[in-house]
Amino acid sequence: MSAESLPVEPTLHAILEEMIEDLGLDYDGTLGRSTTLVGDLGFASVDFIHLIVETESRFGRKMGFHDLIMPGGVYVEDLALGPLADFIASRLAEPSEKTEQAAPPPAAEPETVGNSVDSGVDNGREEPVVSPADYARFLTLLPPVSAWGVPEPPPRKNRRMIFVLSSPRSGSTLLRVMLAGNPALFAPPELHLLTYPDMARRKQALANEQNAQLLTGTIRAVMQLRGVEAEVATRYLEECEAAAMPVHAFYARLLEEAGERWLIDKSPTYPMRPEFLTRMEAEFDAPLYLHLVRHPCGMIKSFEDGKMEQLVPFMRESDFSRRQLAELGWLLTNGNIRHFLENIPAERQMRVQYEALVRNPRSVMEAVCGFFRVPFEAAMLRPYDDQGSRMTDGLRMASEFSGDLKFHLHAGIEPGAADRWRRTLSEAGLGEPTRELAAALGYSLSC
Ligand code: A3P
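Numbered according to the working numbering, the sequence shown spans residues 595 to 1041.
What follows is the structure, given as C-alpha cells:
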C-alpha cells in the first residue's frame, strides 16, 4: 500500500496513540471524530507541530496545514479529529503538485532582491501606535548589556563566517533552511551564542521553560558535523558548559569542523543590542552580513500571532501593548542593524526582503549565492526536502527545534505569506520612526 493510500482515520489514531504514550499526555478515553486536540488531549502548540510533521511523514507528502490551523490568518483555538481527518483526506485527494513546493510566479517581477512593496490600499493616517516618545521610553526598559555577561577579548580572530541579521518573525527560518540546501554552506538552526561570554553563562540564561529550545541549535549542529546522535552531542555540549568554554572557542570548533563550508549563524536575538553586533567584527575576520528585512506590518502581525513578548521578560513585564511591542521590536532590531552596517564595507553586506524571497526565490537565492561567491544550487528552492541535512527535524522530534515552528505549517515557499497581514492590519497606524526606517529599507508605504 502506498503511503498516500493509507486509511486516514486509523493512521491518525495510531499517530495520536503513540503521542499519548510517548509524550505522557493525560488521556485514557477512546479517540473519535469529536475528540479535540486541546480540550481533550491537552495539546500545546509544540504538540501540533509534532502531529503535523508525523502525519506528513506517514502519508509521504506535505499538506499545507497552515490553511487548517490559521484559517483567515488567525490561529484556531482547538481542533476536533473529524475535521482534521477530513482536511487530510481532501489534501490527499489533490494532485500532489498543488500542495508541494511549486511557488506560482510572482504577480509582478520584483526589481531586485530589495524590491519595494506598495500596499495598494489608501487607508489615510491614523493616530500612530508608537510615537518617538514611546520608542525613547522603550529603550530605557532594555536590560543593561552586562546582564548577558561581558566577554574577554579573544586571543585572535576566528576565521570569517556569515551572519544573517533580522528582526524576529522576518522569515529567517525559511531563509536559513533554503541556505542549508547548498553544500557549500553549513547553516544550522539558531545557535544563540554571541550574546554570551561563555557556554556556562549561556546555559544559565537559557535553561528555563520559555527558552530551553534555544539551546538545541548548537546540539543539532554538532550532531550534523560529527554524524552523532542527540545524546552524544548533548554530552559534548554539557562538557563545554561545565568547562565554561568561551563562546569564541566554541565557534572556533564549529568553524574547524565545518571545513571548507561557510558557517552561517542566524540568531534573531543578536540585533537586540549594538554590542552583540560589534562582537562580530571584533571576534571574526571580515564576516559577511545578510540583512533580512520584512515589511513592519508583516512582522507586527506575525509577532502578535505568536505572542512573542511572552518569551522576553522585559517585554512581558512592560505596560506597552503587544501591538506596540511588536512595532518597537521591529524598530529596535532593524535600527541597530542599519546603524551597524553603515560602517561595514558594501562588499561585505547584502539586504534581502522577505517579500522578494517568497515571491521570487530563485532570483534572490542566485543573488545571495553571488554575494557569498558559491555556486547556486536548485535544492535551495526546495526547503522541505531532506529534513535531516536541512536540520529541520529537531533533536529527537521536530518540535525540539531552535527556530520558527510555523515553518512546518507551510507546504512550500508561500508567496501569499508576504501579504497576509493586509487582511487584518493597515500601514495607517505605523509611527513616524517606523515609517522613516521602512522607507530607508526600501518599503514605500501607501499612507
Ligand atoms: P507569519 O507568522 O506571518 O506566517 P522567523 O523564522 O524569522 O521567525 O519568521 C517567521 C515567519 O516566516 C512566519 O510568518 C512564517 O509563517 C514565515 N514562513 C515560514 N516558512 C515559510 C514558508 N515556507 N513560506 C512563507 N513564509 C514562511
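Where a beta carbon is used, it is the ideal one built from N, C-alpha and C, also for glycine.
- Taking C-beta separations shorter than 7 Å and ignoring five residues to either side along the sequence, the partners of PHE870 in its chain run LEU788, THR789 and TYR864, following chain order.
- The Cβ atoms of ALA679 and THR629 lie no closer than 8 Å to each other.
- Close CB contacts of HIS933 within its chain, under the 8 Å cut and outside five residues either way in sequence, are with PRO868 (chain order).
- Classified as exposed, GLN904 has fewer than 16 neighbouring CB atoms from the shown chains inside 10 Å of its CB.
- Straight through space, the alpha carbons of MET839 and VAL668 are spaced by roughly 43 Å.
- A distance criterion of 7 Å places the beta-carbon of PHE642 beyond contact range of the ligand A3P, judged by its closest non-hydrogen atom.
- Of all C-beta pairs linking the region 604-623 to the region 962-969, fewer than three are shorter than 8 Å, placing the two stretches out of contact.
- Taking the C-beta atoms as reference points, MET909 is found no nearer than 8 Å to PHE844.
- For the ligand A3P, no non-hydrogen atom lies closer than 7 Å to the CB of VAL946.
- Bounds of the alpha helix (DSSP H) holding GLN918 are 916-935.
- LEU735 is the residue among LEU735, GLU615, VAL724 and ALA852 whose C-alpha sits nearest the C-alpha of SER912.
- For GLN798, the closest C-alpha among the options VAL816, GLU832 and ALA778 is that of GLU832.
- ILE938 carries a coil assignment under DSSP once its states are collapsed to helix, strand and coil.
- Taking C-beta atoms under 8 Å as the contact rule, LEU882 and ILE682 fail to qualify, at a distance of about 42 Å.
- Judged by DSSP in its simplified three-state form, PHE757 adopts strand.
- The shortest C-alpha to C-alpha distance from PHE780 to any of GLU688, GLU854 and ASP879 is the one to GLU854.
- Uninterrupted alpha helix (DSSP H) stretches at least 4 residues long and entirely within the region 801-828 occur at 810-820, given in chain order.
- Contact check between the region 1006-1021 and the region 890-901: three or more CB pairs, one atom from each, fall below 8 Å, which counts as touching.
- DSSP lists LEU886 as the beta-bridge partner residues of VAL946.
- Taking 7 Å as the cut-off, the C-beta of THR767 counts as close to a heavy atom of the ligand A3P.
- With respect to the 8 Å criterion, LEU686 and PHE659 are not classified as neighbours on the basis of their beta carbons.
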